[in-house]
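Reviewing the structure listed below.
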Amino acid sequence: MSTVTAKPEASREAASEKDKWLRAYRQMVRIRLFEEQVNELYTRALMPGLAHLYSGEEAVAVGICEALRIDDYITSTHRGHGHCLAKGASPDRMFAELLGKEAGYCRGKGGSMHIADPATGNLGANAIVGGSVGIATGAAFASKRLGNGRVAVCFFGEGALGQGSLYEVMNLAQLWKLPVIYVCENNLYNEYTHYSETTAGTILGRAAAFGIETAAADGQDVRAVNEVATRLVKRARAGEGPAFLQADTYRYSGHHVGDINREYYRSKTEEQRWKTDRDPIKLQSNWLIEQRYADAAALEQITMEARAEMEAAVKFAVTAPYPSVDQVDEDIYA
Amino acid sequence: MSTVTAKPEASREAASEKDKWLRAYRQMVRIRLFEEQVNELYTRALMPGLAHLYSGEEAVAVGICEALRIDDYITSTHRGHGHCLAKGASPDRMFAELLGKEAGYCRGKGGSMHIADPATGNLGANAIVGGSVGIATGAAFASKRLGNGRVAVCFFGEGALGQGSLYEVMNLAQLWKLPVIYVCENNLYNEYTHYSETTAGTILGRAAAFGIETAAADGQDVRAVNEVATRLVKRARAGEGPAFLQADTYRYSGHHVGDINREYYRSKTEEQRWKTDRDPIKLQSNWLIEQRYADAAALEQITMEARAEMEAAVKFAVTAPYPSVDQVDEDIYA
Amino acid sequence: MPERELTFAQAVREALAEEMRRDSSVCIFGEDVAEAGTPFKVLSGLVEEFGAERVLDTPISEAGFTGIGVGAAMTGLRPVVDIMFGDFLTLTMDQMVNQAAKAHYMSGGHWKVPMVLRTTLGATRRSAAQHSQSLHAWFSHVPGLKVVLPSTPYDAKGLLKTAIRDENPVVFFEDKMMYKLKGQVPADDYTIPLGVADVKREGDDITLVATSSMVQVALGAAVLLEKEGISAEVVDPRTTWPLDEKTILDSVKKTSRVIVMDEGYGRYGVAAELAAVIAEGAFYDLDAPVKRMGAMHVPIPFSPPLEDVTVPTEETVYKAAKEMCAKS
Amino acid sequence: MPERELTFAQAVREALAEEMRRDSSVCIFGEDVAEAGTPFKVLSGLVEEFGAERVLDTPISEAGFTGIGVGAAMTGLRPVVDIMFGDFLTLTMDQMVNQAAKAHYMSGGHWKVPMVLRTTLGATRRSAAQHSQSLHAWFSHVPGLKVVLPSTPYDAKGLLKTAIRDENPVVFFEDKMMYKLKGQVPADDYTIPLGVADVKREGDDITLVATSSMVQVALGAAVLLEKEGISAEVVDPRTTWPLDEKTILDSVKKTSRVIVMDEGYGRYGVAAELAAVIAEGAFYDLDAPVKRMGAMHVPIPFSPPLEDVTVPTEETVYKAAKEMCAKS
Ligand SMILES: Cc1ncc(C[n+]2csc(CCOP(=O)(O)OP(=O)(O)O)c2C)c(N)n1
Ligand SMILES: Cc1ncc(C[n+]2csc(CCOP(=O)(O)OP(=O)(O)O)c2C)c(N)n1
Ligand SMILES: [Mg+2]
Ligand SMILES: [Mg+2]
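Residue numbers (my numbering), protein chains in the order written: chain A, -3 to 330; chain B, -3 to 330; chain C, 184 to 511; chain D, 184 to 511.
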């Protein structure tokens, strides 16, 4: 892992504001360019199966993961590349996993929807909507019991509000004052259905009912997300219990790479509006320039570096070997 | 079914206040005496298995069922005798079911925890905590779709707040504006654990989060329960959607008939306090006398009639035959 | 009877549309079943014809809306509940097993639950372990449920219509990989009874008992075997419960050799039951032990070369059958 | 090795207490597990010794706290999750099957899930259809899980200790009706490996392969058979996964006749798998078809005379065995 992508440590507090927000920018750009490559791999029929792109939502994963320690836990979703990268995974092994190669994070057994990485505390993406709410809460339970000070962040889309187990574990998290943060990435759609058709009442009310600390953040504003996350993480680490963060955001692409004709469920105008007015990378780039933390050339330099990194990573993955067939029945039991 | 126990019809509105509240009193007394017989049957080792007594909670079932039409639906719980009687079932066939006799409501196949009765809209008691929240909501869905004006009441203990499916169906009920009323009988205990140890936040907040109409009622006051229930049923029948009612109450006996030594989880003083100060039957009898709707003798007469009814019903059940063994594989498929 | 070629998906849709026209109590709900017509587009056009009161998009609440299906079925509707991937059946087990399957019996025959749970099975779609399972064995194990596994467009239409008209909860499994498979399907109303196996191909030397996705594999293997002069009979039980033991046993008694194939895990699975039934019922007729072929006992891996070896193929079945015929 | 008589419940409790003393990462949670010690009083005294941080009462949230068990197991604890009645396993299927069973494989071997799900099975307690099921076949069907079915106090202690130390998710089924059964149990630390069957009684004429509650029934039947001069061998697999096929097959090869008995439904159940394994592995040694005996294929009825006929008894097994020996 090169220093530019290094996972920030606790000492981060000391780092300058400038470095901090440039790194956040870089992380978002890396995610965006990673996803562009995924789409490309799919279009070129190099990727088995499907993938769910995170483009548009980068500020959420980055804003939150920048508030975490490397040994803090996250659980992620079918739309998990962003969380995974933001927590510190390497794109080369991620692409390898997406292509089912042995060098992948899961030796090719997991694929896009199951990338996991103990080294960065990533307990795994999950292809069951809401499937990891118990896992994240359990990790927080273990952290508390073992006294290791770790916090667990549970990422999920607003569609997971439909899963009853979320309410079961929020109740337990609050009763047991567990250091877990539930992050609801509200990108407005459950697959092909607008969330207003599937969500009665309010999102934050769902957590507030259990006495859980709640907060909302503009999910396109990485600084806003990071500010709230920092506060909630601090609370959780101090033993003050769980929190629930609603981050409003938008996915630019289809539900998955194959979801091309979307007009029956959302308009091109809507998509365009988000991309033009609310793009998290543009917003952050404008701000960085405004603050004179960087000029356009410096930001372009970051993009070029990230692009080179992703291209090299794809190359690595494309040429990497598949696992040998006899590995199929390894790893069933530990 | 004798007239005294007849299920009130829609025409009830016209009946005098006096008759209405005397009937409510009678219904509560019948439930209390039914349960006394159940305990007796258990103690005399005449009843197979266990049963969960409703004594102490009578005002909830009666207050609510008196606000319903006979063709409205209810779903009930492991502690279901009260709901069943309040909705209009006959004690003789109920006792027969408790003893596993062919004359029972379920031909002996269900027992205490599964009594169901289409004639009175009782979709069944359920031995899975929260197991009937979907069924009640589905009945409301069918009522709405078929336009038959029926309302569904879903009874459950506060322990069912732990089941995620409750939140799933409340969300759907509100989205689809279904005529269902969730009645949470908060008797303070989930088996042997105080509900405060299992319930974070607030009970009503759980429903309010979904935008559902909420209400609370003193579960020892049959008139208070009935008043709220009448309002919520009217709303639901008018197409205004679901509601959630919290009724605070207390079970006098153990979790089940075999739960005799309870001091490790609740004090005798606490039990005594509820029985002395908050007994729903006493409260109603005092009020009836105060209002001059009845004197002590008239109320004693009601008790005697109910006792005779229950004794006869037990006798019927005890002497009724078991199903023949070849019935074991009948009713698996319709 | 006018026949046309339909895909498996079209046959399913036609069955639903016909039943919805015939009976206004039939309704559909599940995730993205309305405008989207499910991710597999199986239900496209239904909401347009029958309206949003009868084809309803739900939140992602499998337990909740399955439960609503149970209650609605008890009180006058015939819901067809859609569970997008069979893997999500894990979330419906309480409602299907503790409620739907038992309501009739526990009530002494008073309540009925005429609902259909439509879902998918099958691997090799590069979807990894949580989107590739074939969990029909669980439901086949539970009295009170019926389990249907159509293997052709023709069967899909006829069996689904029967399932909808059935007074009991029926779990209907469709192989995701089969949606584009074409076959002749009558345009008119016909039904296929549950519990009647179908001999998909006649033969004398060996019986291949195959379900769902494995039927096409068995038929392919039979073609390969034919070239070797081995005549294979392919028997498709079509429903695992009720199970048509007689047709299966008659075939085995004729051929004396049998391979049972099912895409679920073979261990403690459907293949185990079929093998046990045959080993008992055709004990004196078998020339060789029953061979089971099912999914390898591993979570389904994502990586294509690994995934491909977890499921029986025409080749592996052909080889196993040839070996069996050579030996005995 | 000092031995004492303990009940099955005491043996379970002793295993838990010993493991909790040995390893501070072991903790227990479930409904009413602390002061109440479960409705069956199996856990009485544990919260007093180990404190409320290690023995935790939960809300009635089987899916939720099972999921918490999975996550806790991945991150350094060894949770023993308590599901009061096996019937409530329906609510844990997603967490056990889609998460616990697959986390190790899907992560390419990176994460481990060393958790135990303790639960019950068995009927005849007059508890009706939702409190009498034996659902271990479902879990045995799923790769990534191990399934344990102790039949004596001795086995319960030794197997539970092994299960807790195992690095994988283990589902541990206890027969509710057996909690008061007494047997010799060593006071010291011993473990019994998973995947090793136990010959509970030796015999020559017929093998009774029996699991859990059915072991005692088989032993009772064997005594009755002895009086008729029939010598029955009773083999207890003790774990359905891993399954010790060799010990079972060796016995069957010796006796040539076999009845497999399991309290789950026989159809698509554990008895089917055992029958299939034997029919295949001992094909040339069997004098008669394998006979399966399991719960009758009905939801368990409440009424005592009905419930009593749904489960194999010493009498019915004795009769079946006698008939089998007479015939062949
Ligand atoms: C339990 C379950 N039900 C259904 C699905 C199918 N599915 C995959 S993603 C998805 C929509 C998820 O929406 P949301 O949670 O908002 O996440 P997003 O895709 O918007 O990021 C659905 C229904 C699933 N994977 N798991
Ligand atoms: C899903 C499920 N989990 C656990 C149980 C065991 N159980 C039966 S009653 C009960 C307590 C229920 O408490 P509550 O809902 O408050 O009802 P109450 O008994 O107080 O009327 C429990 C845990 C069950 N029947 N179903
Ligand atoms: Mg979304
Ligand atoms: Mg209670």
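Don't be surprised by glycine CBs; every beta carbon is placed ideally from N, CA and C. Only a predicted model underlies this, so the values are computations on that prediction, with no experimental measurement involved.
- With its beta carbon at least 8 Å from every one in chain C, residue 173(B) lies outside the interface.
- Proximity of chain C to residue 452(D) at the Cβ level (cut-off 7 Å) is accounted for by 324, in chain order.
- In terms of side-chain proximity, the C-beta atom of residue 448(D) is found no nearer than 7 Å to any non-hydrogen atom of ligand 3.
- Those residues of the stretch 94 to 115 of chain A placed with their C-beta closer than 8 Å to a C-beta in chain D are 100, 101, 102, 103, 104, 105, 106, 110, 112, 113, 114, ordered along the chain.
- Under DSSP, the beta-bridge partners assigned to residue 393(D) are 444(D).
- Between residue 265(C) and residue 211(C), the beta carbon gap of about 6 Å places them in contact (Cβ cut-off 8 Å).
- With respect to residue 324(A), residue 481(C) sits close: the two C-beta atoms are nearer than 8 Å.
- Shown here, residue 211(D) sits in a strand according to DSSP, grouped into three states.
- Taking 7 Å as the cut-off, the C-beta of residue 185(B) counts as close to a heavy atom of ligand 4.
- Proximity of the stretch 116 to 124 of chain B to the stretch 324 to 336 of chain D falls short of the contact definition, fewer than three beta-carbon pairs being nearer than 8 Å.
- Going by DSSP, residue 178(A) is part of the beta strand (DSSP E) stretching over 176 to 182.
- By the criterion of a C-beta distance shorter than 6 Å, residue 237(D) is surrounded in its chain by 210, once the five residues flanking it on both sides are discounted.
- When DSSP reads this structure, residue 186(C) sits in a beta bridge with 369(C).
- Within the stretch 251 to 270 of chain A, contact with chain C at the beta-carbon level (separation under 7 Å) is assigned to 260, 261.
- Taken through DSSP and simplified to helix, strand or coil, residue 501(C) comes out as helix.
- Contact between the stretch 186 to 197 of chain B and the stretch 164 to 174 of chain B is not established, with fewer than three Cβ pairs separated by less than 8 Å.
- Any Cβ of chain A closer than 8 Å to the Cβ of residue 492(C) would place that residue at the interface, and such an atom is present.
- Taking a Cβ-Cβ cut-off of 7 Å, the neighbours of residue 198(B) in chain A comprise 205, given in sequence order.
- For residue 158(B), the residues of chain A that pass the 8 Å Cβ criterion are 164, 167, in the order they occur in the chain.
- Our two residues, residue 85(B) and residue 79(B), have alpha carbons roughly 9 Å apart in a direct line.
- The DSSP-derived three-state label of residue 252(A) is coil.
- In this structure, the C-beta of residue 276(D) stays at least 7 Å away from each heavy atom of ligand 1.
- Taking 8 Å as the cut-off, the beta carbon of residue 458(C) is found closer than this to the beta carbon of residue 475(C).
- Between the stretch 215 to 228 of chain D and the stretch 484 to 501 of chain C there are fewer than three inter-stretch CB-CB distances shorter than 8 Å, so the stretches are not counted as touching.
- Here the alpha carbon of residue 288(C) sits roughly 45 Å from the alpha carbon of residue 111(A).
- Nearest neighbour of residue 376(D) by Cα position, chosen from 402(D), 329(D), 269(D), 410(D), turns out to be 329(D).
- The alpha-carbon separation between residue 93(B) and residue 108(B) amounts to approximately 7 Å.
- Judged by DSSP secondary structure, residue 355(D) falls within the beta strand (DSSP E) whose first and last residues are 353 to 358.
- Residue burial is scored here from C-beta neighbours: residue 42(B) has fewer than 16 other C-beta atoms within 10 angstroms and is therefore classed as exposed.
- Check the Cα spacing between residue 24(A) and each of 310(A), 281(A), 293(A): the tightest is with 281(A).
- Listed along chain D are 312, 313, 482, each with a C-beta nearer than 8 Å to that of residue 285(C).
- At the C-beta level, residue 374(C) and residue 453(C) stay beyond 8 Å of one another.
- Here the C-alpha atom of residue 310(C) lies approximately 8 Å from the C-alpha atom of residue 46(A).
- Listed along chain C are 246, 247, 250, each with a C-beta nearer than 7 Å to that of residue 161(B).
- Shown here, residue 272(D) sits in a helix according to DSSP, grouped into three states.
- Within the DSSP bridge table, the entry for residue 150(B) names 71(B), 178(B) as partners.
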